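*Asks:* Have a look at the structure that comes next, please.
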Amino acid sequence: MPELPEVETVRQTLKQLVLNKQISDVSVFWDNIIKRPQDPVEFKGWLQGQRLRDIDRKGKFLIFQFDDISLVSHLRMEGKFGLYDSGLPKPKHTHVIFHFTDGTELRYDDVRKFGTMHLFEKGQELKHKPLVLLGPDPFDPLFTLEYFYEKLQKTNRHIKSVLLDQSVVAGLGNIYVDEALYRARLHPERIAKEITFEEASRLKEASAETINKAVKQGGTTIRSYLNGQGEMGMFQQELKVYGKEDTDCTDCGTPIVKLKVSGRGTHVCPHCQPVTH
DNA sequence: CTCAGTACCTGGTTGC
DNA sequence: TGCAACCAGGTACTGA
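Residue 243 in the working numbering is what sits at position 43 of the first sequence, and the numbering runs on without skipping anything.
Written as structure tokens, this is what we have:
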């Protein structure tokens, strides 16, 4: 499911639904999702009795702020949170349930079981993996052109691979990287250190604008992803290249092409995004 | 150190 | 229709 705009939509929705609820118990059905503390029994012990005070986000991570504990959660490819009445039968792909004292429960569902959860003492989460490894969000004032250009100058990787690197800029995934590169008129296989200052500037602005617009639209819905309230994002209407292979570029009419870059399906307009500049 | 490839999982789609 | 191969919005780890 999730890149930054989808995670932000989940954050806002979930905040309306579960703020101030108190955990009575936690059930864990797939231990590998729990990364810290590693023992699920200990994990449960840390959370019992805690009341949810806020939900933050950094990059693609949700940060649930409880009284004394922070829960850092990554949804990876297919993780979803949803609020339900307790006592219903456990669906096949529910792997963690947070039971609240008011008779509701927050379920974590994840078909592929790739998601992760880390607990920290409150205020410690930014000092440890995984959050400490993250670069700034695309619209963060710390994401400056000077910072970005220097990162690009230092690597031989394809530009797409650098944009996907969460330690450079946090929150872009396969959809928004393809969309940002299209909007900046850059081919995903351009070598990062050969990107000019002017091109880096275009790409930085395109990344922030694409993400900002997607956040406003509630993210992108692909297949059947629904957010915590069952609402769908609308940004898919704005997609120019992602999933548009064999359709005509809206700017020049050339058919969009799908290729593989950095091991990921990648969508480009061969006319608007030439390999050489 | 950098970076491409692989592992982690399940299920839907494609193509023979 | 049957079934194997491939693909999926992500990232951690391995070893060249």
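Here a beta-carbon is modelled for each residue, glycine too, at the ideal position from N, C-alpha and C.
These figures come from a predicted structure and were not determined experimentally.
Is it buried or exposed, Ile391, if we count other Cβ atoms within 10 angstroms and call 16 or more buried?
*Replies:* By the neighbour-count definition (other C-beta atoms within 10 Å, threshold 16), Ile391 is an exposed residue.
*Asks:* Using the rule of at least 16 other Cβ atoms within 10 Å of the residue's Cβ for burial, across every protein chain shown, is Glu398 buried or exposed?
*Replies:* exposed
*Asks:* Determine the direct distance from the alpha carbon of Gln248 to that of Ser361, and round the result to whole angstroms.
*Replies:* 41 Å
*Asks:* Pick out whichever of Asp302, Thr421, Gly463 has its Cα sitting closest to the Cα of Gly443.
*Replies:* The shortest C-alpha separation from Gly443 is found at Thr421.
*Asks:* Look at the alpha carbon of Glu405 and the alpha carbon of Lys244, and state the distance between them as a whole number of angstroms.
*Replies:* One C-alpha to the other measures close to 43 Å.
*Asks:* Would you check if the stretch 372 to 381 and the stretch 346 to 353 touch, i.e. whether three or more CB-CB distances between them fall below 8 Å?
*Replies:* no
*Asks:* Take every Cβ of the stretch 325 to 334, pair it with every Cβ of the stretch 280 to 292, and state whether three or more of those distances are shorter than 8 Å.
*Replies:* With a cut-off of 8 Å, the stretch 280 to 292 and the stretch 325 to 334 do not count as touching, because too few Cβ pairs lie within range.
*Asks:* Alpha helix (DSSP H) containing Lys360: first to last residue?
*Replies:* 359 to 364
*Asks:* Please state the DSSP three-state secondary structure of Asp309.
*Replies:* Residue state, collapsed to three classes: strand.
*Asks:* Who are Met317's beta bridge partners in DSSP?
*Replies:* Ile234, Ser273
*Asks:* Taking the beta carbon of Glu438 as the centre, do at least 16 other beta carbons fall within 10 Å, making it buried, or is it exposed?
*Replies:* Exposed is the call here.
*Asks:* Glu206 to Ser224, Cα distance in whole Å?
*Replies:* Roughly 28 Å separates the two Cα atoms.
*Asks:* On the CB-based measure, 16 or more other CB atoms within 10 Å of its CB, does Cys452 come out buried or exposed?
*Replies:* exposed
*Asks:* Excluding five sequence neighbours on each side, which residues of the same chain lie with their C-beta closer than 6 Å to the C-beta of Ile297?
*Replies:* Ser227, Glu305, Arg307
*Asks:* Consult DSSP for Thr213 and reduce its assignment to one of helix, strand or coil.
*Replies:* helix
*Asks:* Is it buried or exposed, Pro338, if we count other Cβ atoms within 10 angstroms and call 16 or more buried?
*Replies:* The residue in question, Pro338, is buried, as its Cβ has 16 or more Cβ neighbours within 10 Å.
*Asks:* Who are the near neighbours of His358 in its chain, counting only those whose CB is closer than 8 Å to its CB and skipping five residues on each side?
*Replies:* These residues qualify, in order along the chain: Pro388, Glu389, Arg390, Ile391, Ala392, Val461, Ser462.
*Asks:* Do you know how far the Cα of Asp310 is from the Cα of Pro474?
*Replies:* 38 Å
*Asks:* For the candidate residues Gly419, Thr209, Phe300, Gly259, whose alpha-carbon lies nearest to that of Leu363?
*Replies:* Gly259
*Asks:* What's the call for Glu242, buried or exposed, on a 16-neighbour Cβ count within 10 Å?
*Replies:* The residue in question, Glu242, is exposed, as its Cβ has fewer than 16 Cβ neighbours within 10 Å.
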